[in-house]
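Asks: Okay, so the sequence shown: first residue is 1 according to UniProt numbering, each after it adds one. Beta carbons are placed, not taken as given, at the ideal position from N, Cα and C, and that holds for glycine. Provided herewith is a single structure, encoded as structure tokens, for subsequent inquiry.
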Amino acid sequence: MSIATQVHRKTRADLPATGTAPTHPRLVAWLDEVVDLCQPDAIHYCDGSDEEYEQLVTVLEEAGTVVRLNDEKLPNSIYARTDPDDVARVEDQTFICSEDERNAGPTNNWMAPAEMKRVMTKLYDGCMKGRTMYVIPFCMGHIDAKDPKFGVEVSDSAYVALSMRIMTRMGVEPLKAMTDTDADFVPCLHSVGMPLEEGERDVAWPCSETKYIVHFPDERMIWSYGSGYGGNSLLGKKCYSLRIASVMARDEGWMAEHMLILRLISPEGRKYHIVAAFPSACGKTNLAMLEPTIPGWKVETLGDDIAWLRFGDDGRLYATNPETGFFGVAPGTSYETNPNAMRTIAKGNSIFTNVGLTRDGDVWWEGMTKDKPEDILDWKGRPWSGSTGPQGGRKDEKAAHPNSRFCTPIEQCPILADDYHNPQGVPIDAIVFGGRRENTIPLVTQSRNWKHGVFMGATCSSETTAAAKGAVGVLRRDPMAMLPFIGYHVADYCQHWINIGKKADEAKLPKVFYVNWFRRDDDGRFMWPGFGENSRVLKWIAERVDGRAEAVETPIGFIPAAGSLDVEGLDLPEEDLRAVVSYSPQEWHDEVPRIGRWFDTFGWRLPRELVDELRNLEVAVGRA
Ligand code: GDP
Ligand code: PGA
Ligand code: MN
Ligand code: MN
């Protein structure tokens, strides 16, 4: 404790409070500790009501963090600009602090929990001075699920409280359920890391250069410091529902995955449920609400980012979406590419971050309309025009940050499936992996069986995007699109996937596929039109599930036989189609050693099944 704070250390009873204080004994004890450490000026217990939403928007408006958007265009919606340096997840500063370093594995940053707590306790000491502490009770997944997953986030950001209300079941209901059943919860501590001295003026987007996103998987606890950006600060999302939940899932025999969930309906009315894992900014939100271009087929949405997979009594895997909102990439979203996202947003009640702002209080981003507006404010607040770029900046500077986001309630989605409300979830027919690869990976490949499917997922790769801080376009392995989200050792995670397969009858397991919308030609253009046209691939997947569509076996799995992919009405030259769909022996000859090097990083824990699959592939491509 510093000398200054020894003089008068505030307790929770000293603080002006709004809302109703909880009575849950372990929550009360934890809140007392947090107040003692962080020393906020006031405390607000969130109830999740409309009145509270209104109050918090006013707080943020007065602080200059947000502006209200034009109520006629986007009712009840707000606009925020972050600090230009706080725009994405910070993977370099994300830690898995397991007791045993070996349980964090080679893909995570690690520090001993005790040491990390020493470092962060210093940072947290007095970090909420001059600010209000928001207590945000929430539940990931249904409150009436068999085993509801509660959390409480304490944050000094009203932006976080508002966003959590969109993204999770938040407020009095989860708090009551948690209290009535004396349930455990995951304590999630968040601070923007910018205390205010007496009389010090706040900035519009407080944050700190020092950032830590820390998980204590053995204790099921999350500490986040220094960033207000969604992926770092909405702790129910990536931190809880993926990193901590993946550890819970390992221990409890289920799966927490970075997947969208959709329902595909054939013209005959047959329903297929498909989950798909793509890395951040690789097309999940778009695929989740796609509008099929093939006549008679329909898609309904269940989730766009996270899926929890559990076995049902019938021995099949069922998927639920633990979230209640979309936190989607804005650029590229338009009535052409993703009309259902546009319709969801148009109903309002949304938070837009780091997009462009029009003079009449509407939002704009690259790709939203063909014509670029001439007079708007860019994501840094500078006057920006489509023809000259920002005032005082370069002509090619974008109006919206490439990782700018909309945060919007899922219930506004016009094609939300009824079973979104079903705590059991939906039985999965197909699991799809994918990524951004300019070559090598064909449009769609089906695995030979579950084990081969796990190999496909474990060797997934993608070019990096703006969703995380760092270089964009660099090829990296991203197992099951979970690289930044696995809360334990990557080899154990792959082993868990294999074990899940052993628990079930192979015939009842979902079929596994690998897709790539991003193959490019020699001029760097995407060869596959993507978006709504991806329904053609979904149709082929559905027909494979039914054992109907014809396929050709290659060393990497089954690809569509000539004529089996429905391309009727598709405007794509035959040779381009062949190039996107085909298996390239030369490219795979080059790929296989890269997979070998990736597996070398797993160490001795690499599952034997994956070694076998790699050996088979090496033989098949002539690399043995
Ligand atoms: P998510 O972060 O995985 O949910 O990805 P999104 O669905 O938000 O898409 C990220 C970016 O990829 C956006 O700019 C999209 O416009 C773009 N995108 C999505 N699907 C496709 C596709 O099928 N083809 C192409 N070329 N781009 C796509
Ligand atoms: P995304 O979600 O997968 O939709 O990009 C946010 C993230 O992964 O950072
Ligand atoms: Mn994501
Ligand atoms: Mn998304």
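#1: Taking only heavy atoms of ligand 1 into account, decide whether any of them is closer than 7 Å to the Cβ of Pro339.
#2: By a C-beta neighbour count over all protein chains shown, 10 Å radius and 16 as the cutoff for buried, is Trp604 buried or exposed?
#3: Counting along the chain, where does the beta strand (DSSP E) carrying Leu264 start and finish?
#4: So for Gln424, helix, strand or coil by DSSP?
#5: Do you know whose CA, among Cys46, Phe485, Ala276, lies nearest Ile244's CA?
#6: Quick check: does the Cβ of Ala256 come within less than 7 Å of any heavy atom belonging to ligand 2?
#7: In this structure, does DSSP put Ile96 in helix, strand or coil?
#8: Please classify Val619 as buried or exposed, where buried requires at least 16 neighbouring CB atoms within 10 angstroms.
#9: Pick helix, strand or coil for Trp365, following the three-state DSSP scheme.
#10: Inspect the beta-carbon positions of Leu260 and Glu300 and report whether they are closer than 8 Å.
#11: Got a list of residues with beta-carbon closer than 5 Å to any non-hydrogen atom of ligand 3, in chain order?
#12: Just checking, does the segment 229-238 make contact with the segment 157-177 on the three C-beta pairs under 8 Å criterion?
#13: In chain order, what residues of the same chain have a beta carbon less than 6 Å from the beta carbon of Ala249, not counting five sequence neighbours either side?
#14: Kindly indicate which residue of Ala467, Leu475, Leu234 has the alpha-carbon position closest to the one of Glu91.
#15: What's the gap between the Cα of Leu565 and the Cα of Val537?
#16: Please return the same chain residues whose Cβ sits closer than 7 Å to the Cβ of Gly325, not counting the five positions on each side in sequence.
#17: Determine the contact status of Phe352 and Tyr159, defining contact as a CB-CB distance below 8 Å.
#18: Who are Cys188's beta bridge partners in DSSP?
#19: What three-state label does DSSP hand Met1 in the structure shown?
#20: So, are the CB atoms of Leu287 and Ile428 less than 8 Å apart?
#21: Between which two residues does the beta strand (DSSP E) containing Gly434 stretch?
#22: Is the Cβ-Cβ distance between His589 and Val621 less than 8 Å?
#23: In the DSSP assignment, what residue or residues form a beta bridge with Ala277?
#24: Could you check if Cys494 belongs to the surroundings of ligand 1, using beta carbon to heavy atom distance under 7 Å?
#25: Quick check: what's the CA-CA separation for Tyr514 versus Leu572?
#26: Which residues share a DSSP beta bridge with Phe138?
#27: List the whole-angstrom C-beta distance separating Phe518 from Pro106, where the pair is believed to meet the contact cut-off of C-beta under 8 Å.
#28: For Met1, count the other beta carbons within 10 Å of its own beta carbon; 16 or more makes it buried, fewer makes it exposed. Which is it?
#29: Is it buried or exposed, Gln446, if we count other Cβ atoms within 10 angstroms and call 16 or more buried?
#30: Going by DSSP, which residues form a beta bridge with Phe526?
#31: Using alpha carbons as the reference points, say which of Ile143, Gly434, Phe95 lies closest to Thr320.
#32: Does the distance between the C-beta of Val621 and the nearest non-hydrogen atom of ligand 1 fall short of 7 Å?
Replies: On the basis of the supplied data:
#1: Checking every heavy atom of ligand 1 against the Cβ of Pro339, none is found closer than 7 Å.
#2: Exposed, because fewer than 16 other Cβ atoms sit within 10 Å of the Cβ of Trp604.
#3: From DSSP, the beta strand (DSSP E) with Leu264 extends over 260-265.
#4: Three-state result, Gln424: coil.
#5: Its Cα nearest to that of Ile244, the residue Phe485 stands out among Cys46, Phe485, Ala276.
#6: Placement of the Cβ of Ala256 at a distance of 7 Å or more from every heavy atom of ligand 2 is found.
#7: Reduced to three states, the DSSP call for Ile96 is strand.
#8: Around the Cβ of Val619, a 10 Å sphere holds fewer than 16 other Cβ atoms; the residue is exposed.
#9: Correct three-state label for Trp365: coil.
#10: No.
#11: That query returns the following residues: Ser280, Asp305.
#12: Touching, yes.
#13: Excluding residues within five positions, the ones whose Cβ falls inside 6 Å are Met255, Ala256.
#14: The candidate whose alpha carbon is nearest that of Glu91 is Ala467.
#15: The straight-line gap from Cα to Cα measures roughly 7 Å.
#16: Closer than 7 Å at Cβ, skipping near neighbours: Ile166, Met167, Cys407, Thr408, Pro409, Ile410.
#17: Between Phe352 and Tyr159, the gap from beta carbon to beta carbon reaches 8 Å or more.
#18: The partner list for Cys188 (beta bridge, DSSP) reads Glu153, Ile222.
#19: Only weak support exists for where Met1 lies, its pLDDT of 49 falling under 50; the value from the coordinates is given anyway. Coil, per DSSP.
#20: With respect to Ile428, Leu287 sits apart: the two C-beta atoms are not nearer than 8 Å.
#21: Element bounds for Gly434: 430-434.
#22: By the CB criterion at 8 Å, His589 and Val621 fall inside the cutoff.
#23: Bridge partners of Ala277: Phe433.
#24: Result no, Cβ not under 7 Å from ligand 1.
#25: Rounded to whole angstroms, the separation of the alpha carbons of Leu572 and Tyr514 is 21 Å.
#26: Residue pairing by DSSP puts Phe138 in a beta bridge opposite Gly151, Met170.
#27: No, Phe518 and Pro106 are not in contact; Cβ-Cβ is about 27 Å, not under 8 Å.
#28: With a pLDDT of only 49 at Met1, under 50, the local geometry of the prediction cannot be trusted, and the value read off the model is given with reservation. Exposed, by the Cβ-count rule.
#29: Label assigned to Gln446: buried.
#30: Paired residues: Arg520.
#31: Measuring from the Cα of Thr320, the nearest candidate turns out to be Ile143.
#32: Incorrect: Val621 has no Cβ contact closer than 7 Å to ligand 1.
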